[in-house]
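Structure first, then comments.
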Amino acid sequence: MNLTHYQTEFEKLMNREYFSKEVHPIRKDAFSKFLDTGFPTQKWEDWRFTNLSAITKKNFKISDVQDAPKEKLDLSEFEMADATDIIFYNGHFQRNISTIPKGVQLLTGLEYLEMKNWQFNYPANSPFDLLNTAFMDSGLSLVISPNTVIEKPIRFLFISSGKENLMVSPIVHFDLGKSASAIFIEHHLGDAQAFFQNSSTHIALSQNAQLDHIRIQSNSQEFINMANLNIEQGVDSQYSFFQFAEGGKLSRLNIRADLKGEGANCDLSGLALSTNSQHLDHHIITDHKVAHCTSSQNFKSVLQDSSKGVFVGKTIVRENAQKTDSTQNNKNLLLSNNTLMNSNPQLEIYADDVKCVHGSTIGALDDNALFYLRSRGLDLMESKALLVNGFANELMDKIKQESVRAFITNQFENWLRKNTTG
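Yeah, the sequence shown ends on 1081 if you go by my numbering, and it's all consecutive.
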């Protein structure tokens, strides 16, 4: 695998005047470690089901701030009631068309690092986190003060556009103080074709903080998306995550949730919809480091045509994490004989007083259910649509925010209409 191209692009980035030189040591350290590890191959246990040739065999250039929108953006199709929108275009924050929520401290990456006394703990064993740190743009950080409640959803719109082979590396920090609460939406969209987005999101929840996090992935089907999500939870904090993914030629969601405070609760869920030759991968780690915490992983996939899916979910219970209560569930619906789903839920338990269960199913639509619906007057496609709808609604119905649930339901129904007709 030739990494020379990335070395050349890294040198270009280091010479850009609009990037602060104070961050360069962090970049250099991360890039050096990335060169040592290289891109994962299918010989790596965690990557054996995912072929990264779409990344490794193509030369991407890093996006420039000049890659800004040339005309006013029409976002009417993606309007979400009540949401406050912060816009990224080809990886770069667009302050002039963004709305800064009240009660939120918005910091650049440099300001955030200064606030943290330059303590930046990126995951040193994650190649794509290392690559993101090396090539990160100026970054954006949201800090919510203790006891602050943000009622309206804060939506980050990541818009990708253009025909160039661009690589973007957005990095976001979201810190909630003690007893603060918010709703955070990541929405990834755009018409870009040859595009590689390698994003990292770092979330820190203090004692009794609460965050509902929704991630919507609706890029073009030629888009490559590596999403790295790292969560640290304090005492009695509540974190809820849901991903709705339908876009992307190659997509992988890497989640690592560290439960570091007793009484923390972490609920992770997602619905993936794939068609044609899409490859949608989920790799989830929930790490119980202390006692009296609860967690769940509940992910579903619907696969059509010759698409592929991966779910690798691991729950780790450390020796001191007694009274852990954890569940894992992965269900997958195959709508074609040519699809392939790899599912591997795992438990790694070092404590003896715990309650941990996991399960996985892969299968086609139930013939008896189809026969029953057709006997009631529905045609084959209507019957399929009804069953797929029931399969997916279990997750979508749990979205608390009505405007967000309505938006995602509409996206799902559009996908269902395209893939269960004709």
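Beta carbons: idealized from backbone N, C-alpha and C, even for Gly.
These figures come from a predicted structure and were not determined experimentally.
Between the alpha carbons of A851 and F882 lies a distance of about 7 angstroms. C-alpha of L1054 to C-alpha of H941: approximately 16 angstroms in a straight line.
Distances from the alpha-carbon of I759 to those of S800, G968, E1041 put S800 closest. Taking a contact as a CB-CB distance under 8 angstroms, the pair G907 and N935 does not count as one, their CB atoms being some 11 angstroms apart.
D723 sits in coil when the DSSP states are folded into three classes, being neither helix nor strand. Rounded to the nearest whole angstrom, the C-alpha separation of Q753 and C1015 is 44 angstroms. Counted as a single uninterrupted DSSP element, the beta strand (DSSP E) harbouring D984 occupies residues 984-993.
Take the alpha-carbon of G762 and the one of T807: they are about 7 angstroms apart.
Annotated three-state conformation of G929 is strand, per DSSP. For E978, the number of other beta carbons within 10 angstroms of its own is below 16, and it is reported as exposed. Secondary structure of H1017 (DSSP, three-state): strand.
One alpha carbon belongs to L1037, the other to D1025, and they sit about 15 angstroms apart.
In this model, Q902 and L939 are separated by some 12 angstroms (Cα to Cα). The closest CA to that of S1019, considering only G1049, T998, G972, E905, is found on G972. If you draw a straight line from the Cα of A740 to the Cα of I1067, it is about 12 angstroms long. In the displayed model, K959 falls within a strand according to three-state DSSP. Within the segment 669-744, not a single complete beta strand (DSSP E) segment reaches 3 residues in length.
Taking A916 as reference, the option from T860, A931, L962 with the minimal CA-CA separation is T860.
For S757, no pairing in a beta bridge is given by DSSP.
For V971, the uninterrupted beta strand (DSSP E) segment begins and ends at 967-976. The C-alpha of T1079 lies about 13 angstroms from the C-alpha of L993. Taking a 10 Å sphere around the C-beta of K716, we find fewer than 16 other C-beta atoms and assign the residue as exposed.
When only Cα atoms are considered, G893 and D964 end up about 43 angstroms apart. With respect to F698, I721 sits apart: the two C-beta atoms are not nearer than 8 angstroms. Spatial neighbours of E905 in its own chain (CB-CB distance under 6 angstroms, excluding positions within 5 residues in sequence) are listed in chain order as S877, L932, W1074.
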